[in-house]
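Undergrad: If you scroll down you'll find the structure; I have some questions about it.
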Amino acid sequence: MNTQLQNSKTHLRISKVPRSASVPRIAVELGLAGLGIALAICAAAAKQSWLDRHFLPSFVVSRAWYVRIETAVRGATFVVGAILALAARRKLAASIVAAPTLAASVAIAAALALGASELALRHVHIRSSEWLLPAEEPRRQPDALLGWTLVPARTGHLSIGGRDIEYAIDASGYRVRRLDAPVDVSQPTILFAGESVIFGEGLTWDETIPAQVSAMTGVQSANLGVNGYSSDQAYLRLRQELPRFHRPTAVVSLFMPVLFGRNLDDDRPHLGPGMTWQPATAHTRLSSLVRLLVPYRTDAQVERGVIMTRDVFRATIDLARSRGATSVIVVPQLGPEDGIDAALRRRVLDDGGLPYVRVQLDASWHVPSDQHPDARGAHAIAAAIAARVARP
Numbered sequence: 001m002n003t004q005l006q007n008s009k010t011h012l013r014i015s016k017v018p019r020s021a022s023v024p025r026i027a028v029e030l031g032l033a034g035l036g037i038a039l040a041i042c043a044a045a046a047k048q049s050w051l052d053r054h055f056l057p058s059f060v061v062s063r064a065w066y067v068r069i070e071t072a073v074r075g076a077t078f079v080v081g082a083i084l085a086l087a088a089r090r091k092l093a094a095s096i097v098a099a100p101t102l103a104a105s106v107a108i109a110a111a112l113a114l115g116a117s118e119l120a121l122r123h124v125h126i127r128s129s130e131w132l133l134p135a136e137e138p139r140r141q142p143d144a145l146l147g148w149t150l151v152p153a154r155t156g157h158l159s160i161g162g163r164d165i166e167y168a169i170d171a172s173g174y175r176v177r178r179l180d181a182p183v184d185v186s187q188p189t190i191l192f193a194g195e196s197v198i199f200g201e202g203l204t205w206d207e208t209i210p211a212q213v214s215a216m217t218g219v220q221s222a223n224l225g226v227n228g229y230s231s232d233q234a235y236l237r238l239r240q241e242l243p244r245f246h247r248p249t250a251v252v253s254l255f256m257p258v259l260f261g262r263n264l265d266d267d268r269p270h271l272g273p274g275m276t277w278q279p280a281t282a283h284t285r286l287s288s289l290v291r292l293l294v295p296y297r298t299d300a301q302v303e304r305g306v307i308m309t310r311d312v313f314r315a316t317i318d319l320a321r322s323r324g325a326t327s328v329i330v331v332p333q334l335g336p337e338d339g340i341d342a343a344l345r346r347r348v349l350d351d352g353g354l355p356y357v358r359v360q361l362d363a364s365w366h367v368p369s370d371q372h373p374d375a376r377g378a379h380a381i382a383a384a385i386a387a388r389v390a391r392p
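Residue numbers for the sequence shown follow our numbering, beginning at 1 and rising by one.
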């Protein structure tokens with residue numbers, strides 16, 4: 001009898017321990033299972049249509065690669081969630097409950113590491129996402145109104161596709177054939193506002209769009225293109241420079257859906273609602289890094305970008321008309337236009353009632369290693385612009 005009672009007490013002590021210890025373990029296990037299920041659901045719910053709405057086309061990454069990356073991330077997220085919910089939750093929960101101090105220490109260490117990273121990055125000058133490398137050609141310099149401009153009165157060189165490309169920038173910051181051949185503001189001039197495509201990335205001066213239009217029309221061109229510019233930056237520079245020209249005959253602007261994402265950036269001076277100038281928005285260093293690596297855009301951000309871009313092109317047309325000049329919006333399309341590019345083009349231009357010249361380019365007409373139009377692509381764009389400018 002005593003032996004049975006003793007065994008019963010021992011069994012009672014043993015059974016009580018797991019029950020008391022199982023409460024936190026079950027709570028942790030449920031939390032891990034919930035996290036795993038949430039990851040799996042998010043991966044399954046992130047259909048390509050949703051991704052296309054929130055991750056805009058990129059000039060750097062092709063559509064095909066974008067879809068591959070998104071598919072890989074979705075698959076990895078689903079697998080991690082499934083493993084966490086179905087297989088790993090028990091072992092992880094047991095490990096956390098068995099060593100709560102260690103788990104807390106890891107969590108605190110991770111939080112402190114993020115804080116230390118933020119403090120360390122504050123000592124590093126982080127530029128706009130469109131001007132990350134200060135030494136790249138053509139050289140740029142900070143500008144309070146525009147974010148940056150080209151370094152004036154300088155000739156730079158860049159090797160692209162085995163060719164040495166010379167970038168000559170005159171004293172006004174315009175790309176020219178040579179430093180001793182600056183733009184003459186007293187002459188009839190076609191002004192080109194834009195970014196690296198207008199500037200002529202990877203092209204000699206004679207191959208650039210402005211130079212080819214000038215050769216076709218016999219009218220001097222002024223290349224105001226600055227690498228990395230968004231539509232609102234290009235407009236602000238045009239508004240700043242146009243009064244200098246005595247006889248502007250035309251103003252050319254460029255729109256490409258793959259560059260539209262720049263118009264949503266606020267890490268440089270930008271135009272807000274009502275075309276009001278806004279300084280660069282300050283972000284934490286870590287959030288800036290996350291935004292660069294994961295360029296997620298909300299529906300509201302995209303809609304604001306669409307409205308602002310429409311307003312910019314309308315203002316450009318009005319600005320040109322105020323000086324008696326023709327306004328041309330050119331829309332180059334390198335290779336077949338997919339549904340995402342077409343939707344953005346229609347939302348910004350067609351729905352806004354904006355006239356434009358669309359130029360279809362062969363998919364192979366780009367400079368080596370990137371998507372900038374080569375001399376053939378630039379020629380096709382220039383021919384379309386020249387035909388539009390010559391139209392009465």
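By construction, the Cβ of each residue, glycine as well, lies at the ideal position given by its N, Cα and C atoms.
Look at the alpha carbon of cysteine 42 and the alpha carbon of phenylalanine 78, and state the distance between them as a whole number of angstroms.
TA: Looking at the two C-alpha atoms, the distance is approximately 8 Å.
Undergrad: Per DSSP, valine 359 is paired with what?
TA: According to DSSP, valine 359 bridges with Pro332.
Undergrad: Confirm, please, whether the CB-CB distance from leucine 344 to phenylalanine 260 is below 8 Å.
TA: Yes, they are a contact pair.
Undergrad: Can you give the Cα-Cα distance for threonine 149 and isoleucine 69, rounded to whole angstroms?
TA: Distance between the alpha carbons of threonine 149 and isoleucine 69: 33 Å.
Undergrad: Within 10 angstroms of the Cβ of tryptophan 365, are there 16 or more other Cβ atoms? Answer buried if so, exposed if not.
TA: It counts as buried.
Undergrad: Do the CB positions of leucine 146 and arginine 89 come within less than 8 Å of each other?
TA: In this structure, arginine 89 does not lie closer than 8 Å to leucine 146 by Cβ.
Undergrad: If valine 330 sits next to valine 359, beta carbons under 8 Å apart, how far is it from one beta carbon to the other, in whole angstroms?
TA: At roughly 6 Å, the Cβ-Cβ gap stays under 8 Å, so valine 330 and valine 359 are in contact.
Undergrad: If we call anything under 8 Å between Cβ atoms a contact, is arginine 175 one with glycine 200?
TA: Going by C-beta atoms, arginine 175 is nearer than 8 Å to glycine 200.
Undergrad: Determine the DSSP secondary structure at phenylalanine 313, reduced to helix, strand or coil.
TA: Of the three classes helix, strand and coil, the one that applies to phenylalanine 313 here is helix, per DSSP.
Undergrad: Does DSSP put proline 57 in a helix, a strand or coil?
TA: Here proline 57 sits in coil by DSSP.
Undergrad: Taking C-beta to C-beta, are threonine 40 and glycine 75 nearer than 8 Å?
TA: It is alanine, not threonine, that sits at residue 40 in the sequence shown. For alanine 40 and glycine 75, no; Cβs fall outside 8 Å.
Undergrad: Any contact between the region 265-278 and the region 164-175? By contact I mean 3 or more CB pairs, one from each, below 8 Å.
TA: With a cut-off of 8 Å, the region 164-175 and the region 265-278 do not count as touching, because too few Cβ pairs lie within range.
Undergrad: Inspect the beta-carbon positions of aspartate 170 and leucine 179 and report whether they are closer than 8 Å.
TA: Result yes, Cβ atoms of aspartate 170 and leucine 179 sit closer than 8 Å.
Undergrad: Residues in its own chain within less than 6 Å of histidine 270 by CB, not counting five upstream and five downstream?
TA: These residues qualify, in order along the chain: Asp232 and Gln278.
Undergrad: Can you tell me the Cα-Cα spacing of proline 273 and leucine 254, whole angstroms?
TA: The alpha-carbon atoms of proline 273 and leucine 254 are separated by roughly 21 Å.
Undergrad: By how many angstroms is the C-alpha of isoleucine 198 removed from the C-alpha of leucine 238?
TA: Near 13 Å, if we compare the C-alpha coordinates of isoleucine 198 and leucine 238.
Undergrad: From this set, Ala384, Asp311, Glu130 and Ala211, which residue's C-alpha is nearest glycine 352's C-alpha?
TA: With distances taken between Cα atoms, glycine 352 lies closest to Asp311.
Undergrad: Alpha carbon to alpha carbon, how far is glutamate 303 from proline 24?
TA: Computed Cα separation, rounded: 46 Å.
Undergrad: Give the straight-line distance between the Cα atoms of glutamine 240 and glycine 202, rounded to the nearest whole angstrom.
TA: Glutamine 240 and glycine 202: Cα-Cα distance of roughly 27 Å.
Undergrad: DSSP on glycine 377, reduced to helix/strand/coil?
TA: It is helical.
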